[in-house]
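**Q** Just passing along the structure, written as C-alpha cells.
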Amino acid sequence: MRFFASLRMTSEGFRVTLRVRFLASLGMTFSCNCFSKIGVINHKKGVGILAKSDVELKPSNTSIDNLKKWAKQLRLDVLMMLNKAKSGHTGGSLSAADIVTALYFYKMRHNPKDPKWADRDRFVLSKGHAAPIQYAALARCGYFSPKELFTLRKLGSILQGHPDMKCTPGIEVCTGSLGQGLSMANGMALALRLDKRPSRVYALLGDGEVEEGQVWEAAMSAAHYKLDNLCAFVDFNGFQIDGAVTDVMNIEPLSEKWKAFGWHVIMIDGHNMGQIIRALDDAETIKSQPTMIIARTVKGKGVSIFEGKYQYHGVPPSDEELKKSFDELGVSADGWPEKVLQ
Amino acid sequence: MAGESVTMTKLIATRDVYGETLARLGESSQEIVVLDADLSGSTKTNIFAKKFPERFFNMGVSEADMMGTAAGLAAVGKIPFASTFAIFASGRAWEQVRQSIAYPKLNVKIVASHGGITVGEDGASHQAIEDIAIMRAIPNMTVIVPCDGVETRSVIQEIVKYNGPVYVRVARGKFPVVLPEDYKFTMGKGMVVRDGKDATIIAMGLMVSHALEAAAMLEKEGLQIQVINMSTIKPIDRELIVKAAKETGAIVTCEEHSIIGGLGEAVASVVAEECPVPMKRVGIQDKFGQSGLAEELLVHYGLMPKDIEKAVKNVIEKSQSIRVKTLLL
Ligand SMILES: Cc1ncc(C[n+]2csc(CCOP(=O)(O)OP(=O)(O)O)c2C)c(N)n1
Ligand SMILES: [Mg+2]
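First to last, the protein sequences are chains A and B.
Going by numbering that gives the first Met the number 0, the first residue of the first sequence is number 0, and it counts up by one from there.
Going by numbering that gives the first Met the number 0, the first residue of the second sequence is number 0, and it counts up by one from there.
The following block contains the structure:
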C-alpha cells in the first residue's frame, strides 16, 4: 500500500490531502508503464509502431518528460486510427492530447483492470467528437488492446464515433451532443459527495461548445452546489467548425465569465505539461468552488499540417498526411500499416 | 415508370440541393434570412451565407437560441430558414420550436440535414431516428421528407409560399434521383410513383428508391406493387392512403426512422380509422443507431429492398388469408 500525503497553504489555511493507493492485487490505482522511444514501445511483449499486446503496468513514472512522450504516443495513435477510420475529428483530438495525457497518466486515480472501481476519479469528455484521444489514452492505459483502435467508427466496434459508456470500458457517460457533459459531471460530483467518496470529477469542454446555453446552466449549478470535487477544462483552441470562435460566436471574455459564475479560474498553456499538472494539483486544493482550467491550445497541435487549420476539424489524415506526420513526429513508418493491423 | 430507371439514375445529396435552392431563392425574396448553428458547411447554408452575408446569422453551437431567434425574425415579417443536424434541430430545440415557433404559428422553416442513420460513422448521438415523430406531434407543424434532389428543390420553393412553420428533413448521403426533372411538389399530397394492384408500399426519403427496387423485384414474381412517395408526413394525404388500402388491400410503410411515431404510424392511424387492411412497418425497430458506413447500417437495420420485399409478401399473405376467411363466413 502506498500513501500520498501533501500539505498545502491555501487562502483558507492549511489543507492536508491524504491519498491512498492500493497494490495491483487489491484493485490498485493505475500507474503508467515505462517505455523508451515513441512509436517503438519497448516492453516485454510487443514491439512496433503500436504495441500489439497490453501495455504492462509498472510503477508510475510521472516525470514531465515521460508524460510528454505519452502525449506524443497518443497523438500518433489518434492520427493512425483516424486514417484507418477514414472519418473523424483530427483537430480537436490533437489539441486536447496533453490535457488528456495529464489526466490519465498523472492525475486521475483509476484502474484499467477494474474500470468500475467505485472510488475512481471520473472523466467526462464533453466535447465528445474528440473521442479518439480518449480512446488512445484508454488503450494505452490497458483498458483494452490498442488493436481495437483500428476498429474506430466501424460497424460493431467498441469504439463508437462519439463516447459511449455501453460499448467502451473506461467511458463514464455518453457524449457527442455538445453542451451536455458538464451537467453530467455535476451529477457525478454531487453523487460522489453524497457517498463521501474521495473521487474527483474532471470534464473537458470545447471553446465552441461553451456557446451552448446548457453549459452556463451547469456552470451556475456547479458553483451553487460548491462542487469542489469538480475540475473542468476548456480546450481553448480558438476554432469551431465554421471558423474562428471570435468570428462565429465570440465567447470572450471567457475567464471573467467563469469567474462571474462563481468558479475558481486558472489560465494555462494547454500544451505545457508542467503548467497542466500544476493546475490540476492546485485545483485539488480549492475549497467550496469548482475549478475551471482555461487551456490555451492550438487546434491540430503536434503536426504542422493540421495546426491552426479549422478545415481539419472533422477531416482525418490522408495516407500522405499520415506519412508526413510520422516524419514530423520522428517515428519510423516501418511496419505501417501491415504489422500494426495484423 | 420511375422504378425501372433507379439503377441508372444519378446520385444527389438532398442537402446540396437545399443549399443551392436556398441561395437562388435569396435573390428573388429579400425577406429570406438564414440561421445556422456552426454547421453551415454540412447543412449547405454556407452557399447562401457567401452570397448574402448580411442576411445570414451563424448562431454558434446554440440550437435553442437559434430557434428562438428565428421566431423573433419571423415575428417581424422575415422568412427565416434555420438549419442544423436533424437531431439537434428537432431534439435539442424541441420545446423552443413548440413554444416560440409552432404555437404562434410563426413562419419559420426548419431545414434539418443529416436525418436518419445514413449519417453513418458519427454514430447514435448524431443519427436522428425520432425527429419525424416529435415534430409531427406538435400542432401547426408541417413535416416534409423529400425523396430525392428533384423533390428537394421543389419543396424548398413551395414552402416559401406557405405561411407557417415547416420541418424539412434532408440527408447527408447521396440518394438516387427517382422523380422526373419537371416534378412539382404539392404540400399535403402523396404521389403514386409506380402503379400496382396487389399491395401498396408507402415510403419517404431514401426509402422511396428502395421501395421501387423492391417493387421491381416483386414484379419478377408476378406481383404488381403500387409505390407511393409520401413526402408530406403531416398533414398526411388521407385520401390517397384510403384509396390505396381499398384498391390493393395491403400496405407496407418504409422509413429511415423509428417505427414509433413516424410515417408508419401516421399511415396506420388513417388505415385503422378509415379502412383497416393488413399493414407492416419497415423502419428502425425501436433501437438506437450506431457507427458504421451508411450502406452497412441500412442492411443492419433492415431497410434494404429485400427487407421491404419480405414485408410486402407478408402483408399480401395476411390479406389473402383474411379474404379467404371472409369468403368462408
Ligand atoms: C449540440 C451539438 N450541436 C452541434 C454539434 C456538431 N459539432 C460537432 S463539433 C462542433 C464544433 C465544436 O467546436 P469546439 O467545441 O471548439 O471543439 P474543438 O475545437 O475542440 O474540436 C459542432 C458544432 C454537436 N456535436 N452537438
Ligand atoms: Mg475549438
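Quick reminder that beta carbons are idealized off the backbone N, C-alpha and C, glycines included.
(1) Taking the C-alpha atoms as reference points, what is the distance between LYS343(A) and PRO114(A)?
(2) In terms of alpha-carbon separation, which member of LEU253(A), VAL200(A), LEU328(A), GLY299(A) lies closest to VAL209(A)?
(3) Check whether the stretch 321-328 of chain B touches the stretch 232-246 of chain B, taking contact to mean three or more Cβ pairs, one atom from each stretch, closer than 8 Å.
(4) Closer than 7 Å, CB to CB, is ARG119(A) near chain B or not?
(5) In terms of DSSP beta bridges, what is SER257(B) paired with?
(6) Between the alpha carbons of THR150(A) and MET80(A), how many angstroms are there, rounded?
(7) Just the C-alpha distance for SER144(A) and GLY195(B), rounded to the nearest angstrom, thanks.
(8) Taking Cβ-Cβ distances below 8 Å as the criterion, which residues of the stretch 227-242 of chain A are in contact with chain B?
(9) Checking the sheet assignment: what are the DSSP bridge partners for GLN329(B)?
(10) Among GLY189(B), ALA136(B), LYS317(B), which has the Cα closest to the Cα of GLY261(B)?
(11) If you measure from the beta carbon of GLN288(A) to each beta carbon in chain B, is any gap under 7 Å?
(12) Check the Cβ-Cβ distances between ALA63(B) and every residue of chain A, and say whether any is below 7 Å.
(13) Within 6 Å: the Cβ of GLN239(A) and any heavy atom of ligand 1?
(14) Please confirm if GLY122(B) has its CB atom under 7 Å from at least one CB of chain A.
(15) Smallest Cα separation from LEU158(A): which of GLU238(B), ASP121(B), ILE143(B)?
(16) According to DSSP, simplified to helix, strand and coil, what is LYS225(A)?
(17) Do ASP281(A) and ligand 2 come close, with the Cβ less than 6 Å from some heavy atom?
(18) Could you tell me if ALA23(A) is buried or exposed, where buried requires 16 or more neighbouring beta carbons within 10 angstroms of its beta carbon?
(19) Quickly, what does DSSP pair GLY114(B) with across the bridge? List them, please.
(20) Quick check on this structure: which residue in ASP120(A), ALA278(A), ASN236(A), HIS270(A) has the alpha carbon closest to the alpha carbon of TYR309(A)?
(21) Just tell me which of SER208(B), THR44(B), PRO304(B) has its CA closest to the CA of ALA111(B).
(22) With 7 Å as the threshold, decide whether the Cβ of GLY141(A) is near any Cβ in chain B.
(23) What is the rounded straight-line gap between the Cα of GLY94(B) and the Cα of SER61(B)?
(24) In the DSSP assignment, what residue or residues form a beta bridge with MET358(A)?
(25) Just checking: is the beta-carbon of ASN57(B) within a distance shorter than 7 Å of some beta-carbon in chain A?
(26) Between the stretch 146-161 of chain B and the stretch 169-183 of chain B, do three or more beta carbon pairs fall short of 8 Å?
(27) Let me confirm a value: SER331(A) is counted as buried when at least 16 other C-beta atoms fall within 10 Å, else exposed. Which label applies?
(28) Count the CB pairs spanning the stretch 274-282 of chain B and the stretch 297-310 of chain B that are closer than 8 Å, and state whether there are at least three.
(29) Can the beta-carbon of LYS188(B) be found closer than 7 Å to that of ASP236(B)?
(30) Using a cut-off of 7 Å between C-beta atoms, extract the partners of HIS394(A) located in chain B.
(31) Pull up the distance between the alpha-carbon of ILE11(B) and that of TYR201(A), whole angstroms please.
(32) For GLN274(A) and PHE232(A), I'd like the C-alpha separation in whole angstroms.
(33) Could you check what DSSP says for ALA210(B) in three-state terms: helix, strand or coil?
(34) Unbroken alpha helix (DSSP H) runs of length 4 or more, entirely within the stretch 124-187 of chain B: which are they?
(35) Scan the stretch 160-175 of chain A for residues whose Cβ lies nearer than 9 Å to a Cβ of chain B and list them as they occur along the chain.
(36) According to DSSP, which residues form a beta bridge with VAL32(B)?
**A** Based on what the coordinates show:
(1) Only positions 0 to 341 of chain A appear in the structure, and residue 343(A) is not among them; the question remains open.
(2) LEU253(A)
(3) no
(4) no
(5) ILE283(B)
(6) 8 Å
(7) 55 Å
(8) GLN239, ILE240, ASP241
(9) Residue 329(B) falls outside the range modelled here, since chain B spans only 0 to 328, and no answer is possible.
(10) ALA136(B)
(11) no
(12) yes
(13) yes
(14) yes
(15) ASP121(B)
(16) coil
(17) no
(18) Note that ALA23(A) has pLDDT 35, beneath the 50 cutoff, so the model's placement of it is unreliable and the number below is only indicative. Exposed: under 16 other Cβ atoms inside 10 Å.
(19) ALA127(B)
(20) ASN236(A)
(21) THR44(B)
(22) no
(23) One point to set straight first is that residue 94(B) is Glu, not Gly, in the sequence displayed. Taking the straight line joining both Cα atoms gives about 14 Å.
(24) No information on residue 358(A) is available, as it lies outside the stretch 0 to 341 that chain A covers here.
(25) yes
(26) yes
(27) exposed
(28) yes
(29) yes
(30) Here chain A covers residues 0 to 341 and nothing more, so residue 394(A) does not appear.
(31) 44 Å
(32) 13 Å
(33) helix
(34) 130-135, 148-160
(35) GLY160, HIS161, PRO162, ASP163, CYS166, CYS173, THR174, GLY175
(36) PRO79(B)
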